[in-house]
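S.K.:
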Amino acid sequence: MPEGPSIVLLKEAAISFSGKEILSVEGNSKIDMHRFPGKRVESIQSWGKQFLIVCDDFIIRIHFLLFGSYRINERKEQPPRLSLQFENGELNFYACSVKILEGRPEDLFDPEGDVMNDQWNPEKAKSKLEQTPNAEICDALLEQDIFAGVGNIIKNEVLYRVQVHPESLVGKIPPAKLDEIIYEARNYSFQFLEWKRNFELKKHWLCHNQKTCRRCELPFSRKHTGTKNRRSFICVKCQELYV
DNA sequence: TATAATGTTTGAAC
DNA sequence: AGTTCAAACATTAT
C-alpha cells in the first residue's frame, strides 16, 4: 500500500468525499475524533506517502506505514483505526497512523518535494542532494525530505533502470547521471501508478523480488544497504558503483 | 509455521 | 545536547 503512487490511487478513489460533511466517526485511534462530526472536508490531498483529509482548521493525516490498508464503502473483519461516515458512503482505515495536524497544508507541505505532484521540482531535489555528498544513493532516494513518495520498490527499480549501484555515493555520481536518477524517480513513479491501477505492477518489476538480471542473466545480489538498511537487488555487472 | 516485507516514530543509550 | 539505534507498531503472502 504505502508508496506515493498508491496514495494517489486512494486520493482518486476518495474524491467523492471532497466537499462532504463528516456525519459521524468511529475507530480505535487515540486521536480526538469527536471534533470531526459536523466538519466539511475541504479537499482530499496527498503528499508523498501521506493521505490528507483537509478540513477548515485542521488536517486528518493518514500514514499507512508498512501494513496499513483502507476500504471505501466496505469493511474488513478487523476494527478500523478510523472510520468516517458521509452521506454518500464511508471511508475506513486500518492499521495505519492517524494524526491531526493543525494548520494549512500549504504551510506544512512543499508540493515541489513530492514526486507525484505537478509542481515537483527536480532542480530542488538536485540541490538537496548536493548537500549530502557522502550519503549513499539508496538512502538519499528514500529520504522523504528530498523524494517524498519514493519507497523501497521505487528505489530499487529506479537504480536498476539507470544502472547505478545502490551503494554509490551521491557526491561521486556524475551530474548527468544524477539528473537521470532524479528524472527516473518521477518517471517510474508514474509507471508504477498506471501499472498498479491495472493490477499489473509486479509483472513489470525488473529487479525487485527478481532472481536474475534480464540484461546479463547474472543472479541479483540481495543485500540490505545504507544506513536505512533496506533491501536492495543489485546486478553487480550492470549497475555501476561510484565511490 | 516462521519469516520477511511497499515504513516511520519514539525514546533509551551513548 | 546531539546522534544513533533498537523497539514498537501491525498485516499478509510465501
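Each residue of the first sequence is one higher than the one before, starting from 17 at the first, in the numbering used here.
Every residue, glycine too, gets a C-beta built ideally from N, C-alpha and C.
All values derive from a computational prediction rather than experimental measurement.
Considering only the beta carbon of each residue, do Leu81 and Pro18 sit closer than 8 Å?
M.R.: Yes; because the gap between Cβ atoms is below 8 Å, this pair is in contact.
S.K.: The alpha helix (DSSP H) with Asn168 in it runs from where to where?
M.R.: Its alpha helix (DSSP H) spans residues Asn168 to Arg177.
S.K.: Nearest to Ser113 by CA position, among Ser45, His50 and Ile75, is which residue?
M.R.: Out of Ser45, His50 and Ile75, Ser45 has the C-alpha closest to the C-alpha of Ser113.
S.K.: Is Asn133 buried or exposed, if buried means 16 or more other CB atoms sit within 10 Å of its CB?
M.R.: It counts as buried.
S.K.: Assuming Gln61 is part of the beta strand (DSSP E), what are its boundary residues?
M.R.: Its beta strand (DSSP E) spans residues Ser59 to Trp63.
S.K.: According to DSSP, Ser12 sits in a beta bridge with which residue or residues?
M.R.: Nothing can be reported for residue 12: it is not among the residues displayed for the chain, which extend from 17 to 259.
S.K.: Let me make sure I understand the geometry here. Which of Val259, Asp126 and Val41 has the alpha-carbon closest to that of Pro95?
M.R.: Answer by Cα proximity: Val41.
S.K.: Taking Cβ to Cβ, would you say Gly20 is nearer than 8 Å to Ala111?
M.R.: No, Cβ-Cβ distance for Gly20 and Ala111 is not below 8 Å.
S.K.: In angstroms, rounded to a whole number, what distance separates the CA positions of Gln226 and Gly167?
M.R.: Rounded to the nearest angstrom, the two C-alpha atoms are 17 Å apart.
S.K.: Go through its chain and collect everything with a Cβ distance to Phe67's Cβ below 6 Å, but skip five positions before and after it.
M.R.: Counting only Cβ-Cβ distances below 6 Å, and skipping sequence neighbours, we find Ile23, Leu26 and Ile78.
S.K.: So the beta strand (DSSP E) Glu118 belongs to, where does it begin and stop?
M.R.: From DSSP, the beta strand (DSSP E) with Glu118 extends over Ser113 to Glu118.
S.K.: Using only alpha-carbon positions, find the residue among Phe208, Asp195 and Ser99 that is nearest to His50.
M.R.: Closest by alpha carbon: Ser99.
S.K.: Which same chain residues end up closer than 6 Å to Lys144 when comparing Cβ atoms and leaving out the 5 residues on each side of it in sequence?
M.R.: So the list reads Ile162, once near-sequence residues are dropped.
S.K.: Have a look at Leu222, Leu124 and Lys140 and flag the residue whose alpha-carbon is nearest the alpha-carbon of Cys254.
M.R.: For the residues Leu222, Leu124 and Lys140, the minimum Cα distance to Cys254 belongs to Leu222.
S.K.: Could you check where the alpha helix (DSSP H) with Tyr204 kicks off and where it finishes?
M.R.: It spans Pro191 to Arg213 - the alpha helix (DSSP H) in which Tyr204 sits, taken as one unbroken run.
S.K.: Apart from the five residues on each side of it in sequence, which residues of its chain come closer than 6 Å, Cβ to Cβ, to Leu257?
M.R.: Here the set comprises His181 and Ser184.
S.K.: Is the separation between the beta-carbon of Glu103 and that of Lys36 shorter than 8 Å?
M.R.: It is a contact, given that the beta carbons lie within the stated cut-off.
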